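Novice: One structure, pasted below without further comment.
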Amino acid sequence: MNAPVEIRSGSDAVLGYVRYGNGPVHVLVMHDWLGDHSSYDAVIPWLDGHAFTYIFIDVRGYGQSIELAGEFTVEEIAADCLMLADHLGWTRFHLVGHSMTGMITQRIAADAPSRVTSAIAVCPVSAAGNRLSPEALAFFASTIEDDDALRRLFKFVTGGLSDAWGDRKVRQSRDTVAPTCRARYLEMLVTANFVDDVRGLETPYLIIVGDKDPGLDSEAMACTFLAWHPNAELHVIPNCGHYPMQECPPYFATVIEGFLKRNAI
């Protein structure tokens, strides 16, 4: 794997992150509820570090920011990302959000529309939140401590990948996510609702889903991102579940960089 240019631990002043590339086009990349920046490790060898500078952030409670306490809210993540962009000297930048942080791309685009050149939402939860049934919420909550439940979740959202896949994802999640933040971010996911703030945003959007992701599919995107954002387009990755950056990294890199290059100005 190509080595990252810089690894920075988080502090009270700025989130932790991993930087890759030194190109003129700036891309801020966010992770999901169940893992940190390392979910993107498999993609790095296929990225164009001459055209782009990628900052793979860790939100509070994850990875390089695992020691950072906080409110663990949509608004806090968005403010932290904008503060990091300021720290980096980025006036304008692109956003990538995955699952939980799909909605964060919308919050940042609504809060600072002049700064967001384009956004990519990967298998995303939207500004409407994810209104889980009581049974589903209880299952998601059980994954916070129950390794077997977490393993079953990873396998379910990827169309039944192997036990070895599930085991590795469980280890990654347990190693990189602080237990104290998991329940708070789950609460954020199921209660968020700021649709009125994002409806009609002209930010160019690419929505990526995998055809084996059972909950966040193209039908769900048609009712949310595609309905609200006039400049949104959908790309469905075949034979792929909820983690395209790990399940098919070269293809995922090709799709996102094609979109970023079309919207680089």
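Here my numbering is used: the sequence shown runs in plain steps of one and ends on residue 1319.
Where a beta carbon is used, it is the ideal one built from N, C-alpha and C, also for glycine.
The structure presented is a predicted model; accordingly, all values stated were derived computationally and were not measured.
Helix, strand or coil for L1215 per DSSP?
Specialist: For this step, residue 1215 is matched to residue 161 along the sequence shown. In this structure, L1215 counts as coil in the three-state DSSP scheme.
Novice: Confirm, please, whether the CB-CB distance from I1158 to V1170 is below 8 Å.
Specialist: For the purposes of this step, residue 1170 is taken as residue 116 along the sequence shown, with counting starting at 1. For the purposes of this step, residue 1158 is taken as residue 104 along the sequence shown, with counting starting at 1. No, the Cβ-Cβ distance between V1170 and I1158 is not below 8 Å.
Novice: Which same chain residues end up closer than 7 Å to Q1300 when comparing Cβ atoms and leaving out the 5 residues on each side of it in sequence?
Specialist: Position 246 of the sequence shown holds residue 1300. Once the five neighbours on either side are set aside, the close Cβ partners of Q1300 are S1093 and A1096.
Novice: Provide the residue(s) that pair with D1112 in DSSP beta bridges, ordered along the chain.
Specialist: Your numbering for residue 1112 matches position 58 in the sequence shown. The partner list for D1112 (beta bridge, DSSP) reads G1070.
Novice: Let me know if P1178 comes out buried or exposed under the rule of 16 or more other beta-carbons within 10 Å of its beta-carbon.
Specialist: Along the sequence shown, read from residue 1 onward, the residue named residue 1178 stands at position 124. P1178 comes out buried.
Novice: Quick one: give me the first and last residue of the beta strand (DSSP E) that S1172 is part of.
Specialist: Within the sequence shown, residue 1172 is the residue found at index 118, counting from 1. S1172 -> beta strand (DSSP E) spans V1170 to V1176.
Novice: Can you give the beta carbon distance from L1101 to Y1074, rounded, assuming they're within the 8 Å contact cut?
Specialist: If you number the sequence shown from 1, residue 1101 lands on position 47. If you number the sequence shown from 1, residue 1074 lands on position 20. Contact holds; Cβ gap of about 7 Å.
Novice: For S1119, count neighbouring Cβ atoms within 10 angstroms of its own Cβ and tell me buried if that reaches 16, exposed if not.
Specialist: The residue you call residue 1119 lines up with position 65 of the sequence shown. With 16 or more other Cβ atoms within 10 Å, it is buried.
Novice: Do T1230 and G1064 have their C-beta atoms within less than 8 Å of each other?
Specialist: As a working note, residue 1230 is residue 176 in the sequence shown. As a working note, residue 1064 is residue 10 in the sequence shown. For T1230 and G1064, no; Cβs fall outside 8 Å.
Novice: Hey, how far is the Cα of G1264 from the Cα of V1290?
Specialist: Here residue 1264 refers to the residue found at position 210 when the sequence shown is read from its first residue. Here residue 1290 refers to the residue found at position 236 when the sequence shown is read from its first residue. Taking the straight line from one Cα to the other gives about 6 Å.
Novice: So which of R1062, K1209, S1172 and P1233 has the shortest CA-CA distance to A1123?
Specialist: For the purposes of this step, residue 1123 is taken as residue 69 along the sequence shown, with counting starting at 1. Selected option, being the one with the closest Cα: P1233.
Novice: Report the residue from C1235, A1067, W1087 and V1128 whose alpha carbon sits nearest the alpha carbon of V1176.
Specialist: Sequence index remark: in the sequence shown, residue 1176 carries index 122 (1-based). Checking every option, the nearest Cα to that of V1176 belongs to W1087.
Novice: So, using beta-carbon positions, are L1255 and M1275 closer together than 8 Å?
Specialist: Numbered from 1 along the sequence shown, position 201 holds the residue referred to as residue 1255. Numbered from 1 along the sequence shown, position 221 holds the residue referred to as residue 1275. No, Cβ-Cβ distance for L1255 and M1275 is not below 8 Å.
Novice: Could you give the first and the last residue of the continuous beta strand (DSSP E) run that contains A1232?
Specialist: Taking the first residue of the sequence shown as position 1, residue 1232 is located at position 178. From DSSP, A1232 is part of no beta strand (DSSP E); its letter is neither H nor E.
Novice: What residues match up with V1150 in a beta bridge as DSSP calls it?
Specialist: As a working note, residue 1150 is residue 96 in the sequence shown. Answer is V1083 and I1174, bridged to V1150.
Novice: Output the boundary residues of the alpha helix (DSSP H) element that contains A1190.
Specialist: Within the sequence shown, numbered from 1, the residue matching residue 1190 stands at position 136. Element bounds for A1190: P1188 to S1196.
Novice: Determine contact between the region 1178 to 1189 and the region 1201 to 1210, defined as no fewer than three beta-carbon pairs at a distance below 8 Å.
Specialist: These segments do not touch.
Novice: Measure from the alpha carbon of G1220 to the alpha carbon of each residue in F1147, H1296 and T1257, then state which is nearest.
Specialist: Numbered from its first residue, the sequence shown carries residue 1220 at position 166. Taking only the C-alpha atoms, the option nearest G1220 is H1296.
Novice: Could you tell me how far apart the beta carbons of G1077 and G1103 are, in whole angstroms, since I believe they sit closer than 8 Å?
Specialist: One-based indexing of the sequence shown puts residue 1077 at position 23. One-based indexing of the sequence shown puts residue 1103 at position 49. With 8 Å as the limit, G1077 and G1103 qualify as a contact, their Cβ atoms being about 6 Å apart.
Novice: Between V1150, N1293, P1268 and D1271, which lies nearest to A1307 when the distance is taken from Cα to Cα?
Specialist: Counting from one through the sequence shown, the residue named residue 1307 turns up at place 253. For the residues V1150, N1293, P1268 and D1271, the minimum Cα distance to A1307 belongs to V1150.
Novice: Based on Cα-Cα distance, which residue from W1282, V1113 and F1313 lies nearest to L1138?
Specialist: Taking the first residue of the sequence shown as 1, we reach residue 1138 at position 84. Here the closest residue by C-alpha is V1113.
Novice: Distance, Cα to Cα, A1166 vs D1134?
Specialist: Residue mapping note: residue 1166 aligns to position 112 of the sequence shown, counting from 1. Residue mapping note: residue 1134 aligns to position 80 of the sequence shown, counting from 1. Their backbone Cα atoms lie some 13 Å apart in a straight line.
Novice: Start and end of the alpha helix (DSSP H) containing A1301?
Specialist: The residue given as residue 1301 occupies position 247 in the sequence shown. A quick correction: the sequence has Glu, not Ala, at residue 1301. Unbroken alpha helix (DSSP H) run through E1301: P1298 to E1301.
Novice: Please go through the same chain and pick out, in chain order, the residues whose beta-carbon is closer than 8 Å to the beta-carbon of N1247, but skip the five residues on each side of it.
Specialist: Numbered from its first residue, the sequence shown carries residue 1247 at position 193. These residues qualify, in order along the chain: A1181, A1182 and G1183.
Novice: Using DSSP with H/G/I as helix, E/B as strand and the rest coil, what is V1244?
Specialist: The sequence position of residue 1244 within the sequence shown is 190, counting from 1. It is helical.
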